[in-house]
Structures are given as structure tokens and as C-alpha cells.
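Everything on this sheet refers to the single structure shown next.
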Amino acid sequence: MLCLGICGGLDRIHESSPELPNTFLHDGAAVLVQDGRVIAAVEEERLNRVKHSNKFPSNAMRYCLSAAGVELHQIDRIAFYATEAYCNTMLERLAVSQPLPLDAKLLLRQLLAREFGTEVDASRISFVNHHEAHAVSAFAMSGFEQSLIFSVDGGGDFLSGLLAVGSGTGMTQLARFPESNSLGLFYLETIRYLGYGLFDEYKVMGLAPYGDPAPYRELFAQLYELLDNGDYRVHHDRIGPALLRNIQVRRKGMPFTQQHRDVSASLQEALERIVFHVLLHYRETTGITRLCLAGGVAHNCTVNGKLLYSGLFDDIFVQPAAHDAGCALGAALMMSSELGRPTPRERLSDVYWGPGLGNEQAVEQELNAWSGHLDIQRCDDIAASAADWMANGAVIGWVQGRSEFGPRALGNRSILADPRPAENKDRINAMVKKREGYRPFAPSVLEENANEFFELPDGKQDFPFMNFVVRVREAQRKVLGAITHVDGTARLQTVSRKTNPAYWDVINAFKKRTGIPVLLNTSFNNNAEPIVDSVADAITTFLTTDLDGLVAGPFLVKKRAARLQDWGALSVSLPPYASLHRVRSYTAADRQETVCEIRTGPSGRDSIRISHELFELLMRIEGEAPLGWLLDTTMADHDKREDIVKELRLAWEQRCVRLRPPRAACDCNKRKSEAQAELTNDPGNACGAGPG
Numbered sequence: 006m007l008c009l010g011i012c013g014g015l016d017r018i019h020e021s022s023p024e025l026p027n028t029f030l031h032d033g034a035a036v037l038v039q040d041g042r043v044i045a046a047v048e049e050e051r052l053n054r055v056k057h058s059n060k061f062p063s064n065a066m067r068y069c070l071s072a073a074g075v076e077l078h079q080i081d082r083i084a085f086y087a088t089e090a091y092c093n094t095m096l097e098r099l100a101v102s103q104p105l106p107l108d109a110k111l112l113l114r115q116l117l118a119r120e121f122g123t124e125v126d127a128s129r130i131s132f133v134n135h136h137e138a139h140a141v142s143a144f145a146m147s148g149f150e151q152s153l154i155f156s157v158d159g160g161g162d163f164l165s166g167l168l169a170v171g172s173g174t175g176m177t178q179l180a181r182f183p184e185s186n187s188l189g190l191f192y193l194e195t196i197r198y199l200g201y202g203l204f205d206e207y208k209v210m211g212l213a214p215y216g217d218p219a220p221y222r223e224l225f226a227q228l229y230e231l232l233d234n235g236d237y238r239v240h241h242d243r244i245g246p247a248l249l250r251n252i253q254v255r256r257k258g259m260p261f262t263q264q265h266r267d268v269s270a271s272l273q274e275a276l277e278r279i280v281f282h283v284l285l286h287y288r289e290t291t292g293i294t295r296l297c298l299a300g301g302v303a304h305n306c307t308v309n310g311k312l313l314y315s316g317l318f319d320d321i322f323v324q325p326a327a328h329d330a331g332c333a334l335g336a337a338l339m340m341s342s343e344l345g346r347p348t349p350r351e352r353l354s355d356v357y358w359g360p361g362l363g364n365e366q367a368v369e370q371e372l373n374a375w376s377g378h379l380d381i382q383r384c385d386d387i388a389a390s391a392a393d394w395m396a397n398g399a400v401i402g403w404v405q406g407r408s409e410f411g412p413r414a415l416g417n418r419s420i421l422a423d424p425r426p427a428e429n430k431d432r433i434n435a436m437v438k439k440r441e442g443y444r445p446f447a448p449s450v451l452e453e454n455a456n457e458f459f460e461l462p463d464g465k466q467d468f469p470f471m472n473f474v475v476r477v478r479e480a481q482r483k484v485l486g487a488i489t490h491v492d493g494t495a496r497l498q499t500v501s502r503k504t505n506p507a508y509w510d511v512i513n514a515f516k517k518r519t520g521i522p523v524l525l526n527t528s529f530n531n532n533a534e535p536i537v538d539s540v541a542d543a544i545t546t547f548l549t550t551d552l553d554g555l556v557a558g559p560f561l562v563k564k565r566a567a568r569l570q571d572w573g574a575l576s577v578s579l580p581p582y583a584s585l586h587r588v589r590s591y592t593a594a595d596r597q598e599t600v601c602e603i604r605t606g607p608s609g610r611d612s613i614r615i616s617h618e619l620f621e622l623l624m625r626i627e628g629e630a631p632l633g634w635l636l637d638t639t640m641a642d643h644d645k646r647e648d649i650v651k652e653l654r655l656a657w658e659q660r661c662v663r664l665r666p667p668r669a670a671c672d673c674n675k676r677k678s679e680a681q682a683e684l685t686n687d688p689g690n691a692c693g694a695g696p697g
């Protein structure tokens with residue numbers, strides 16, 4: 006029995022997004038379940054390269070079908086992550102501006118027919134409740150026979166939360182929390198006054214330990230009420246006026262003051278108080294000692310850590326894909342259970358459900374296509390060589406096997422480094438991630454050594470998904486300077502030899518060289534893109550950051566000093582989400598100029614300005630074109646060519662253009678299909694000198 010869960014938007018990558026609330030339709034994904042077990046899962050952003058993609062997840066669906074070797078007509082049930090009534094209401098909002106049918110099921114059938122060339126009978130399409138999908142995604146994967154389930158996010162299906170009891174394969178709802186009391190929106194509305202917006206909530210969670218909640222505790226107490234029976238009320242309308250009167254509003258790019266840090270701490274404390282209020286009531290009234298968490302707020306691993314140490318529950322399971330992409334998983338599992346194939350009651354051990362790298366030959370072919378830019382060496386002991394690099398100070402990209410489902414890089418699509426030097430944190434934030442310097446990094450530790458370095462509750466040593474902030478042992482805080490946050494904590498991942506032998510091997514090899522069974526692990530991407538998925542993605546990020554080395558399968562990769570002709574050998578194209586614009590614009594109060602831009606969103610807010618010369622060069626492209634040919638046809642001056650290539654590389658770094666080898670450009674789709682069909686990737690082990 007095959008069930009495909011999907012979530013995401015209503016339009017394709019090159020089309021304008023419908024005018025819907027920005028908290029709706031994001032984090033598109035597809036998950037394929039066979040007889041209650043996950044076969045394949047991937048977020049659309051990993052494939053279309055748009056962060057938090059709100060597009061129809063056609064690429065993700067194709068991967069899932071390819072991974073299982075089936076076609077869409079062979080799927081028994083397709084499930085969408087919101088109720089039909091809710092979707093129809095959203096469509097009614099678009100009736101004036103968008104020529105769309107007002108029937109969500111009809112629209113979905115039309116989208117499927119357009120993308121896959123096959124008619125899907127209406128009886129094979131189901132719509133599920135958003136928060137029930139969240140809840141099932143957690144409980145069904147927890148291994149618990151019975152638990153409380155708390156789904157909490159910004160909103161979905163006119164609710165912002167759900168409290169239920171899971172038992173066996175069923176679920177009984179105890180409480181529903183309306184959108185008017187949304188904790189996700191409470192957090193979001195507050196951080197807007199700190200210069201942040203949607204999807205930046207985790208940044209403020211990282212900023213909060215630098216602040217003191219006391220100065221603004223009384224102010225935040227006016228923004229919510231704790232009511233009887235575990236209920237609460239949030240006064241969203243008070244947030245803006247209260248903050249405007251009491252703090253200096255921070256705009257994006259402005260420096261942080263202690264005031265902003267204290268507001269972050271007060272916000273985090275308020276969220277924790279509300280969550281504990283709800284859960285304490287239902288823990289006492291039900292007597293249930295286990296807890297499952299899902300929904301976007303469940304990605305607040307500081308709250309999760311406080312719950313862990315509180316002892317309120319004997320065991321806590323947090324869905325690794327707690328955000329809306331996880332609803333695709335929940336929807337598929339709900340349909341599988343409805344069709345008589347419930348999920349086995351087993352604890353989730355890993356989420357390596359995404360596309361593989363392909364076999365060793367495919368990886369080598371992809372790397373060799375960049376021969377003018379890369380030095381490549383196959384290694385018989387890749388873990389030892391990578392550990393040597395890091396022990397000698399290198400920061401590396403590491404891609405192996407199938408990609409992770411969810412927002413965390415868990416050792417298959419990661420940037421890795423020595424966790425000891427505190428300066429590694431500053432270096433990676435500044436030179437690789439290009440983000441705020443306060444942002445912390447996570448440690449990956451061998452499961453069997455976790456208690457030596459981290460204060461874990463009795464009997465707890467399995468934390469495979471970076472879902473909890475835990476305390477670093479005081480004696481180890483200076484030792485682990487790059488991953489210990491200002492408050493002495495870290496967002497922990499434990500690594501099991503059974504679930505990820507390749508990642509366990511590289512950490513163990515680092516332990517043999519340094520005595521430290523820990524690595525700094527952060528997602529393999531820059532600030533303009535989602536986590537890399539394919540070898541091609543990894544090469545692009547490697548060449549557009551200051552990473553010292555790349556490990557892809559059994560290959561050690563270093564950068565070469567590319568010449569102008571090496572850049573000229575690449576093909577140039579615009580991504581499907583980008584467009585060229587030349588507009589008349591004020592550059593001063595009394596002066597207008599013609600401005601050239603590349604836009605990567607539906608409005609000019611997501612744009613970069615480019616020179617007229619680069620604009621004219623890009624306008625010559627129909628689909629894609631060799632850069633050397635474009636330079637030959639637009640300019641003869643060598644220095645000018647150097648300037649254009651430099652500017653083009655900056656646009657590439659911001660993912661506003663694509664550069665890739667001509668062969669890769671020609672048969673990229675063919676290789677992507679091969680890689681997506683590859684369910685396992687064990688290219689063998691292969692040694693080499695460190696980078697540089």
C-alpha cells in the first residue's frame with residue numbers, strides 16, 4: 006500500500022505566488038510511505054533551491070516516485086496537509102485576483118495532471134487536518150504505546166495548536182488552541198521589532214542567552230494570560246504598541262543593543278512559561294508520563310531542553326521535521342493507517358530519506374566536470390583523511406549517502422570542523438555562513454561518549470536529531486569552545502555507529518587524533534540557499550564560500566586557482582526563480598537613473614543590482630550559454646572581462662545566476678534522476694594530504 010503525503014503551494018517555480026498569508030503553504034515537501042514505513046522523503050527546497058519553498062512540490066514528488074520505482078497512477082492515496090474546507094476558504098480569498106477553481110480537490114487534480122500527465126481519480130485524493138498531521142508525524146514515530154501529544158505552530162486549519170492523547174494507533178483530542186492564541190505568531194510578531202521576520206525565529210532563540218529577561222518581564226506579562234485548565238490567551242494586538250513605547254526598534258542590519266538581547270530573553274521566557282503551563286496541567290490531569298512534540302514551535306530546542314531537565318515527563322520525542330514539511334509525513338501516515346497499514350510502533354532512529362549522491366562513478370564524473378576549478382583525489386580511508394584535515398584546522402564540506410529529511414544537517418550534508426577553538430565559531434559565521442557572529446553551532450558526539458562531555462538526564466543518551474539544548478559539562482566548556490554557547494549549553498546530536506557508520510567513523514577518527522569524540526556540525530549551505538542536496542549543489546557551495554576542503558563520497562576535493570579561461574568554459578543561466586529587470590529609479594532625491602537588477606522573488610525586495618554590461622550579457626542568454634562565447638560577443642577588453650567574471654561570481658554566490666560545466670548543464674536532469682533513484686550510496690573507502 007503506497008501513500009504519498011504532500012504539502013506546499015499552488016504554483017510552479019517560475020510563476021508568481023498567489024496572494025495568501027505568508028504563514029501558509031511554505032516548506033513544501035513530499036513523503037512516500039509503503040505499508041506504514043517511510044520509503045522516501047524530501048523537501049522541495051532541496052531540489053528547486055528556494056529556501057522554505059512555497060511552490061507545488063513536483064520535484065519532491067518525482068523523487069519519491071523514482072526512489073520507489075513507481076509512477077503516480079500506482080499510488081493508492083495522495084494526501085494534502087490541510088482540510089478541504091480550509092483550502093477552499095483560502096481559494097475564495099484569491100477569487101478576485103487569481104483565475105483558479107474554488108474547489109481545492111479539483112485544483113489539486115489539475116496540478117497533478119499538468120505536472121505528471123496523468124488523471125488522478127478524486128477518490129484517491131484526501132485532505133487531512135493540519136495539526137492532526139503534525140501530531141501523527143510525532144506519535145507514530147515515537148515508539149510510545151501512549152503519550153501526550155502537543156502540536157503548536159503559527160497556524161493551520163484555523164488552529165494554532167492541538168493537545169491530544171495518542172494510544173496504540175489512535176488519537177483522542179483534549180484541547181484545541183485557536184489562531185488568535187498562536188504562540189508561533191506571538192514569537193514572530195515580537196521579533197519583527199528586533200529586525201527579524203518569518204523563518205528567523207531560531208536566530209532570536211540563539212540571541213536570548215545573551216540577555217536578561219528581568220527588565221522586560223513585566224512588559225511581557227501584559228501580552229499573555231495563563232488561564233485555568235491549562236488554557237492561555239495571547240494579546241497579539243498589544244505587542245506592537247508595547248514594544249514601540251519601550252524599546253528602540255531594531256531594523257535589519259542595525260547593531261544589537263543590550264535592550265534587544267533582553268527583549269529576546271524575555272520573549273523566550275514567556276514562551277517557556279506558556280508551554281509549561283499547558284503541559285503541566287495535562288500531565289497532572291492525565292497521569293501520562295510521555296510527551297510528543299510537533300509543529301514549528303517544537304523546533305525551539307531551548308524549550309525542549311528545559312522540558313527535558315524538568316523531569317515533568319519520563320521521555321520526550323520531538324519530531325525532527327516538526328515544521329510544516331513534517332505534515333507531509335503525517336498526512337501519508339494517516340492515510341496508510343486508514344487503509345489498514347499503520348506504522349509499526351518503533352522509535353525513529355534516522356531520517357536519511359532523501360536523494361543519494363549516486364554511485365562512485367557518478368560522483369567522480371560530476372567532480373571531474375569541474376577540473377579547471379577542483380583538485381580531486383580518491384582516498385582509501387576517507388574518514389582518516391577528513392579527520393587529519395580538521396585536526397589541522399580545516400573547515401570542510403562533507404556529503405555522503407542519502408540526504409536528511411528536515412531542517413537539520415545530521416552528518417550527510419554537513420560542514421564539519423574542530424569543535425575546540427572558539428575562533429572556529431567566528432570564522433564559520435563570518436566566512437562561510439556570512440551571518441551574525443552570536444549564532445551558535447551544534448556538536449555531534451559519539452553516542453557512547455556523550456555523557457563525558459554533556460550533562461544528560463539519567464538514562465538519556467540518545468539525541469540523534471539536534472532537538473534539545475543540553476548543558477555542556479563545566480570542565481569541558483573551554484575545551485569545546487566552538488560549540489559551547491554563552492550560557493554553557495549546546496544543541497546536541499549523538500551519533501550511532503549503527504544508523505550512520507560513515508559519520509561515526511569520521512568522528513571516531515578525529516577522536517583518535519585529538520582525544521575528542523566531537524565535531525562541530527552545521528548545515529552545508531551559505532546564507533542564500535537551502536542545505537545542499539546533490540554533488541553539484543555541494544560543489545557550488547564549496548566554490549562560493551571559504552571552505553578549506555570538500556569530501557564527497559570517497560573523494561577529497563580542494564580548490565584550484567581558476568584562470569579566466571576556466572571560468573569562460575562554464576555555462577551561464579538564470580535559475581527558474583530569477584528574472585532580469587531594467588527600471589528607471591531614483592538614486593537620489595533629485596536624480597533618476599536606469600538601474601539593472603536580478604530579482605529572485607515576486608517583488609523588487611528580493612533583488613541585487615548589476616552593471617549594465619552584465620545585464621546585456623545575461624540578456625543574450627536563451628536558456629543557457631557558454632560564458633566564453635558571451636564574453637567574446639560582448640567585450641574585447643581583457644580587464645573588462647575580468648571585472649564581469651568577478652561580478653558574475655558575486656551574483657552566483659547569492660544564487661541569482663547559475664554557473665556549471667557545459668556537460669553538467671546538458672545532462673544535469675539525467676544525472677539528477679539517476680542520483681534520486683539511488684537509494685543507497687556506499688562507494689567504498691578511499692587518503693591524501695590536507696587542503697592547501
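Quick note: the sequence shown, position 151, residue 156 per my numbering, numbers continuous.
Every residue, glycine too, gets a C-beta built ideally from N, C-alpha and C.
These numbers come from a predicted model, not from an experiment.
Is it buried or exposed for residue i, if we count other Cβ within 10 angstroms and need 16 for buried?
i    : result
A641 : exposed
N531 : buried
Q481 : buried
T177 : exposed
K503 : exposed
L415 : buried
H135 : buried
M471 : buried
K645 : exposed
P104 : exposed
H304 : buried
G122 : exposed
T307 : buried
L619 : buried
Are the CB atoms of residue j and residue i within a distance shorter than 8 angstroms?
i    : j    : result
I512 : S449 : yes
P360 : N454 : no
L272 : F225 : yes
V500 : G310 : no
S58  : G10  : no
D553 : V662 : no
M436 : D551 : yes
L203 : G402 : no
V75  : L7   : yes
DSSP three-state label for residue i, please.
i    : result
R383 : strand
M395 : helix
T592 : strand
C8   : strand
W358 : coil
G377 : coil
F121 : helix
Y198 : helix
D32  : coil
E448 : It should be noted that the sequence gives Pro, not Glu, for residue 448. Three-state result, P448: strand.
C601 : strand
G14  : coil
Q681 : The predicted position of Q681 is uncertain, since its pLDDT is 47 and thus under 50; no value can be drawn from it.
Assuming residue i contacts residue j under a Cβ cut-off of 8 angstroms, what Cβ separation, rounded to an integer in Å, is found between them?
i    : j    : result
Y68  : A84  : The pair is not a contact, with the Cβ atoms about 17 angstroms apart (cut-off 8 angstroms).
I321 : L312 : 6 angstroms
R698 : A533 : Residue coverage of the chain in this structure runs from 6 to 697, which leaves residue 698 outside it and unanswerable.
A140 : S156 : 5 angstroms
A65  : V47  : 5 angstroms
G301 : G211 : Incorrect: roughly 16 angstroms between the Cβ atoms, too far for contact.
In whole angstroms, give me the CA-to-CA distance for residue i and residue j.
i    : j    : result
T599 : F529 : 37 angstroms
I603 : L623 : 10 angstroms
P526 : Y591 : The sequence shown places Asn at residue 526, not Pro. If I take the Cα positions, the gap works out to 45 angstroms.
Y215 : Q498 : 23 angstroms
I244 : R444 : 25 angstroms
G189 : F144 : 21 angstroms
L421 : A72  : 28 angstroms
H643 : P412 : 44 angstroms
V368 : I488 : 31 angstroms
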